[in-house]
Amino acid sequence: MSHLTATPVIEPGQDRTMILNMGPHHPSTHGVLRLILEIDGETIVRIMPDVGYLHTGIEKTCEAKFYQQVVPLTDRIDYLCPLTNNLCYVLAVEKLLGLEIPPKAQWMRVMLNELTRINSHLVWLGTHALDIGAMSVFLYCFREREDILRLFEMVSGQRMMTSYFRIGGLALEPPLGFFERVRQFANRFPEKVDEYENLLTGNPIWGMRTKGVARITAADAIALGASGPTLRGSGVDFDLRRDMPYSGYENFKFNVPVSQDGDVFARYLCRVREMRKSIAMVQQALNGMPEGPIKADAPKVILPDREKMKTEMEALIYHFKIITEGFSVPAGEVYQAVESPRGEMGYYVVSDGTAKPYRVHMRAACLANLQLLPQMCEGRLLADVVAAIGSIDIVLGEIDR
Amino acid sequence: MPLSPAITDLEELKDHPALALLLAWNAAAVESAKYDRDEITIYVERSSIRDACVLLRDDRKCPFNFLADVTCVDWHPSEPRFEVIYHLLSIPQKERVRLKVRLEGSSPVIETVTSVWPAANFFEREVFDLFGVRFTGHPYLRRLLMPEDWEGNPMRKDYPVEGYR
């Protein structure tokens, strides 16, 4: 495995080669990623990612907040899948507290998570195709993404920074007519995926830009910490939703798409097929949505309903105490991982028994996936770097936190 | 689902695949272990962390072939101050294990595991950057997130949340 740990220091001074900075402000680096490239003509000799331009110190901020105040911060880590971040954090804290979540809240979480996955994959597909030169796919993808954002707005009041999952359940009861709107979208969406595939999958130009490009073997992908579609594109059949289920995923039936080739096209196929599976899971969630409460029975942790606060003394007291003092969490530590659209997202939460988390660490799937880039690109052409970055689907907010 | 108390008795836990393997290899390398909230934590003696990782990765029955995460917790002002934490995952067996190494605050130095999993490269650089823990043998131990000329390690507990003004 020594070929993977070669020292990535790039020094100027060689005769044949040139050092080129790509980014941090470059449209195809999907944010503020800087790549230092050493190129020989148009061939990549070495490549070194430089991150940190979007570092905001969210982990440090979490240590100064009450547990419930961390939820809106998690939205801002990976701004393309805020609900997945919410879910991962609340699951970790619920595990620390030992809370049991009612089935309706769990099914809602699964349903909204799969919609988030589609939302994230649509942004990925649109921008990835745009980078490679297929302009129109972007417009189609954002048309459907708009529908999903409207659904998020309907259920949580916010299009992107939803903060809809709370410790112990959901923020609000889903509004009247919400499920009907989701069902309409779910019925409409599969033929839209056909539309994208008609534009790309059989397209010879798309094939030439993606097939055989930026190959990575399964062994290298595992050694470098790749996860999610980037790992499954190399033929490793592993998905946390199926293999280590959380939040009621064990109640759902779905196949995990896997491709064997390990190139950009394989990762593309994985994600496009994942969109189809996700929409099928949304349908399953709609058909089997249980009735019942959306919050666990834990008055010391969960804010009471507005109505109860006006009529019951205890509710008012609990509300006051949670807002002003927070709630204490038994000492301990938990690592909770969920399958985000980009791979294994993990939250490591340490409690020292007080109302503020002692340590919150996010395992960013993109940070690990980005380490594949040198392995994918070295020896290939400069233009392939753009295709490779797109295919690992990075979000710099999550990498830098 | 009320919380059950953590199990810290090595005798009770010795059936767990990772712990059994480590105990059979070198019982002195295992300082203690804890089973809490369905997660197992093994405290490993500092000098044997790399060998322990190689052993767990290459096990035939339950290979922990995937390094999910490396991070650190600062327990300032108590000593040993730092805990470096490795989250390992076995993709074939779908098992997780958490390894922990305690480090003194005066000289937080530990051997790198980049030669075991190249994935550790960025994770260890992040810990070095934010906590100031040095990883000996790391191929490129530079700051990852903070600027190169930054002073101090922001995630340490004695570093104020608002920063120094």
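As you go down the protein sequences, you meet chains A and B in turn. Take the first sequence: its position 54, counting from 1, is numbered 35 in the working numbering, and each next residue is one higher. Take the second sequence: its position 83, counting from 1, is numbered 288 in the working numbering, and each next residue is one higher. For glycine and all other residues, C-beta sits at the position ideal for the given N, C-alpha and C. Owing to the predicted nature of the structure, the values given are computational and were not obtained by experimental measurement.
- Query: Name the chain B residues whose beta carbon is nearer than 7 Å to that of A/Met225?
  - Reply: Contact annotation for A/Met225 against chain B: Lys299 [CB-CB distance below 7 Å, chain order].
- Task: From the DSSP output, read off the bridge partner residues of B/His292.
- Result: B/Asp274, B/Arg303
- Query: So, are the CB atoms of A/Gly4 and A/Arg15 less than 8 Å apart?
  - Reply: yes
- Query: For the region 235 to 247 of chain B, which residues have a beta carbon sitting closer than 7 Å to at least one beta carbon of chain A?
  - Reply: Asp241, Arg242, Glu244
- So is A/Ser215 buried or exposed if we call it buried at 16+ other beta carbons inside 10 Å? buried
- Nearest-angstrom Cα distance between B/Thr276 and A/Met343? 9 Å
- Message: Does the contact criterion of 3 or more C-beta pairs under 8 Å hold for the region 33 to 44 of chain A versus the region 274 to 290 of chain A?
- Response: no
- Query: In chain B, which residues lie with their C-beta within 7 Å of the C-beta of A/His342?
  - Reply: Thr276
- DSSP three-state call for B/Ser283: helix, strand or coil? coil
- Could you spell out the range, first to last residue, of the beta strand (DSSP E) harbouring A/Tyr328? Here the beta strand (DSSP E) through A/Tyr328 covers 324 to 332.
- Query: Is it buried or exposed for B/Lys266, if we count other Cβ within 10 angstroms and need 16 for buried?
  - Reply: exposed
- Along the region 324 to 358 of chain A, what residues have a CB closer than 7 Å to any CB found in chain B? Glu325, Gly327, Tyr329, Val331, Arg340, His342, Arg344, Leu348, Ala349, Gln352
- Query: For A/Thr292, does the three-state DSSP call read helix, strand or coil?
  - Reply: Here DSSP, grouped into helix, strand and coil, assigns A/Thr292 to helix.
- Task: May I ask you to list, following chain order, the residues of the region 309 to 323 of chain A that have a beta carbon less than 9 Å from some beta carbon of chain B?
- Result: Pro311, Gly313, Glu314, Val315, Tyr316, Ala318
- Message: Using only CA atoms, which one of A/Gly313, A/Arg57, A/Tyr145 lies nearest to B/Ala211?
- Response: Checking every option, the nearest Cα to that of B/Ala211 belongs to A/Gly313.
- Item | Residues that B/Leu224 contacts on chain A, provided the C-beta gap is smaller than 9 Å | In chain order: nothing, as chain A lies at least about 17 Å away.
- Paired residues, beta bridge with B/Phe340 - DSSP: As a beta-bridge residue in DSSP terms, B/Phe340 pairs with B/Ile315.
- Message: Measuring straight from C-alpha to C-alpha, what distance separates A/Pro83 and A/Phe233?
- Response: 17 Å
- Message: From the DSSP secondary-structure annotation, give me the bridge partner or partners of A/Ala318.
- Response: A/Gly327
- Buried or exposed: where does A/Thr143 fall if 16 or more other Cβ atoms within 10 Å of its Cβ makes it buried? buried
- Task: Quick one: give me the first and last residue of the alpha helix (DSSP H) that A/Arg124 is part of.
- Result: 116 to 137
- Message: I'd like to know if the region 27 to 35 of chain A and the region 299 to 310 of chain A are in contact, where contact means that at least 3 CB-CB pairs between them fall below 8 Å.
- Response: no
- Message: Could you compute how far the alpha carbon of B/Glu356 sits from the alpha carbon of B/Phe336?
- Response: 12 Å
- Message: For a cutoff of 8 Å on Cβ pairs, would you count A/Phe47 as touching chain B?
- Response: No, A/Phe47 does not count as interfacial toward chain B.
- Item | chain B residues whose Cβ lies nearer than 9 Å to that of A/Phe233 | Within chain B, no residue comes near A/Phe233; the closest Cβ sits about 17 Å away, beyond 9 Å.
- Query: Does the region 190 to 208 of chain A come close enough to the region 239 to 249 of chain A to have 3 or more Cβ pairs within less than 8 Å?
  - Reply: Three or more Cβ pairs closer than 8 Å define a contact, and the region 190 to 208 of chain A meets that threshold against the region 239 to 249 of chain A.
- Item | Where the alpha helix (DSSP H) containing A/Tyr70 begins and where it ends | Run containing A/Tyr70: 63 to 78, per the alpha helix (DSSP H) assignment.
- Query: So who's on the other strand from B/Phe328, going by DSSP bridges?
  - Reply: Paired residue(s): none; B/Phe328 is not in a bridge.
- Item | Delimiting residues of the beta strand (DSSP E) encompassing A/His102 | Here A/His102 belongs to no beta strand (DSSP E); instead the alpha helix (DSSP H) covers 84 to 113.
- Message: Just list the residues that DSSP pairs A/Thr24 with in beta bridges.
- Response: A/Asp21, A/Leu362
- Item | Opposing strand residues paired with A/Lys276 [DSSP bridges] | Bridge partners of A/Lys276: A/Gly150.
- Query: Using a beta-carbon distance below 8 Å, is B/Val249 in contact with chain A?
  - Reply: No, B/Val249 does not count as interfacial toward chain A.
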